[in-house]
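Please read the structure below before turning to the comments.
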Amino acid sequence: MHIFYGALVLLLSIFKGDWKNWENYYPSMLYIALSTFVYEYIAHSHFHLWDFQKTNFLSIMNIHFIHNLLINPFVAFLFLSNYPKKRMKKILYYAVWSVLFIIGEVICRQTGDIIYSNGWTIWWSALFVITMFPMVRLHHTRKLTALFLSILFCLFYLTVFDYI
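In our numbering, the protein residues as written are -1 to 162.
In structure tokens form, the structure reads like this:
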């Protein structure tokens, strides 16, 4: 499933991404990748809330690299490349991206490609996803504000799940 998602995001990026302006999106692509790496660092030192399962072809490390270095940055690139201008279209755009991400996660749960632990559920994932896309957009437009809010969100999750 991970290879399929990676190939899909890469193909969509090739055909739907705003490659003329890719440098404008690059900081936010790094932001989403770094955010995922920070989760991995914290999770490996304590405990995971969710994790991928190795496959016959991919180790867990390879799966994390596919997500952190390919899927997540190019999702941010696609999301920002096609961001609408009108308010109602923006709301629908956030909703569509969030639903697609949640459906993808449900599929990964059903196929055993991702597991939850320590109280994490699909509802926590949904909450995370519906804040993730606005945070990516905020990072694109107001980087320092997004970084500050990211710290607050991180502290929220660390507190709720007894990391601190």
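All C-beta atoms, glycine included, are put in the ideal place defined by N, C-alpha and C.
Would you call residue i buried or exposed, if buried means 16 or more other Cβ atoms sit within 10 Å of its Cβ?
i: HIS138; result: buried
i: PRO25; result: exposed
i: LEU153; result: exposed
i: TRP121; result: exposed
i: PHE126; result: buried
i: GLY110; result: exposed
i: PHE47; result: The identity of residue 47 in the sequence shown is Leu, whereas the question assumes Phe. Counting Cβ neighbours within 10 Å, LEU47 comes out buried, since at least 16 surround it.
i: TRP17; result: exposed
i: GLU103; result: buried
i: ILE64; result: buried
i: ILE61; result: buried
i: ASN70; result: buried
Report yes if the CB atom of residue i is closer than 7 Å to the CB atom of residue j, and no otherwise.
i: PHE72; j: VAL134; result: no
i: ILE113; j: ASP49; result: yes
i: SER11; j: LEU78; result: no
i: ALA124; j: ILE100; result: yes
i: CYS168; j: MET27; result: Because residue 168 is not part of the residues shown, which for the chain are -1 to 162, the question remains open.
i: LEU90; j: GLY4; result: no
i: ALA144; j: LEU136; result: yes
I'd like the span of the beta strand (DSSP E) that includes residue i, first residue to last.
i: TRP48; result: 48 to 50
Original post:
Is the region 19 to 33 touching the region 124 to 140, taking contact as three or more C-beta pairs under 8 Å?
Top reply: yes
Subject >> Meets three-Cβ-pair contact criterion under 8 Å: the region 99 to 118 and the region 80 to 88 >> reply: no
Original post:
What residue ranges within the region 55 to 142 form continuous beta strand (DSSP E) runs of no fewer than 3 residues, ordered along the chain?
Top reply: 112 to 114
**OP:** Kindly provide the ranges of any alpha helix (DSSP H) runs that are 4 or more residues long and lie completely inside the region 6 to 51, ordered along the chain.
**Re:** 20 to 43
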